[in-house]
Amino acid sequence: MDEQIHAIEKELKKELTKERFEHTRGVMYTAACLAMRYGCDMRKAMLAGLLHDCAKHIPNEKKLKLCKKNHIELTQAELDNPSLIHAKLGAFLAKNQYDIEDSDILHAIRVHTTGAPEMNLLDKIIFLADYIEPNRNKAKNLSIIRELAFQDIDKAILQNLSDTLRYLDENKEKGSIDPMTLQTYEYYKQEADNDK
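In this text, residue positions in the sequence shown follow the working numbering: the first is 17, and each later residue adds one.
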C-alpha cells in the first residue's frame, strides 16, 4: 500500500472509534472499486475516502470553534445541524493536518455529505462510496443503489438523494434539510429528465 495512505490510516485508527474507522476503510475500498469502474485516479479516490470523515469524531462545540478560528464559513443549515460541519472541517484538516494539497481530493471531502450540483467524478465516487460501503445496512433501497453505482453513477446519485430527502423529511427531528442537498437533487433530477 502507498506510504502516505498507510501513515494516514495508522493515525486515523488512533483517533476514530472502531466503528467509524471500519466505515472509513469501507469507504476507501469502495471508492477504489468505483474509481476502477469509471477510470478515475484510484489513489485520489482512496485518499479522499480515507479522509472523508477525519473530522467526524470531534465534538460539535469544538467543530464550531475550529471553524470560527480558521475562518470556515458555515451555512445556517450547518449551524442548525452541526453534524454536517465535519465535511468542510474535514477538508480543512485533510490539508492542514494530513498534508493533502490536491484540490480534487479536498473538494470531494468537502461535498461528500450534501453533494453538489455538477460534481466531478471523484466527488460522485466519494459521495456514493460513503452511502454504499459494505458496513452500511440500514438505508432503504441500498441494494438497488449499490447495483446502480456500478452501472450508472448519476442514476445512483439521484436515487441516493431521493431516498435521503425522503428520510430527512420523515424524520424532522434529525435536523433540517441542507439546501445544498435539495439543490443537488434538483440538478441531478433535471439531468435525468433531459436524458429521457
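For each residue, glycine too, the CB sits at the ideal point set by N, CA and C.
Query: Given 8 Å as the limit, is there contact between the region 61-76 and the region 121-135, that is, 3 or more CB pairs closer than that?; Result: yes
Query: What do you reckon, are the CB atoms on Asp170 and Glu134 nearer than 9 Å?; Result: no
Query: How many Å lie between Glu163 and Ile21 at the Cα?; Result: 27 Å
Query: Cβ of Leu82 within 9 Å of Cβ of Leu105?; Result: yes
Query: Alpha carbon to alpha carbon, how far is Ala145 from Arg53? Give it in angstroms, no decimals.; Result: 13 Å
Query: In chain order, what residues of the same chain have a beta carbon less than 8 Å from the beta carbon of Ile161, not counting five sequence neighbours either side?; Result: Leu144, Tyr147, Ile148, Ala155, Ala172, Gln175, Asn176 and Asp179
Query: Thinking just about the alpha-carbon of each residue, which of Arg59, Ala165 and Glu89 is nearest to the one in Ala48?; Result: Arg59
Query: Grab me the residues of Leu181's own chain with a C-beta within less than 8 Å of its C-beta, minus the 5 sequence neighbours each way, in chain order.; Result: Ile193, Thr197, Leu198 and Tyr201
Query: Hey, how far is the Cα of Ala93 from the Cα of Pro195?; Result: 7 Å
Query: Any contact of the region 114-121 with the region 29-41, i.e. 3+ C-beta pairs under 8 Å?; Result: no
Query: Going by C-alpha distance, which of Tyr203, Phe108 and Gly65 is nearest Lys84?; Result: Phe108
Query: For the candidate residues Asp185, Asn151, Ala103 and Thr129, whose alpha-carbon lies nearest to that of Gly42?; Result: Asn151
Query: As a quick exercise: from Gly55, Asp57 and Ala61, pick the residue whose alpha carbon is nearest that of Thr40.; Result: Ala61
Query: Using CA coordinates, which residue listed in His73, Ala23, Ile24 and Leu50 is at the minimum distance from Glu35?; Result: His73
Query: Excluding the 5 residues flanking Asp18 on each side, which residues of the same chain have their C-beta closer than 8 Å to its C-beta?; Result: Arg59 and Met62
Query: Does the distance from the C-beta atom of Cys56 to that of Ile121 stay below 9 Å?; Result: no
Query: Kindly list the residues whose CB is nearer than 6 Å to the CB of Asp185, restricted to its own chain and excluding five residues on each side of it in sequence; keep chain order.; Result: none
Query: Using DSSP with H/G/I as helix, E/B as strand and the rest coil, what is Phe37?; Result: helix
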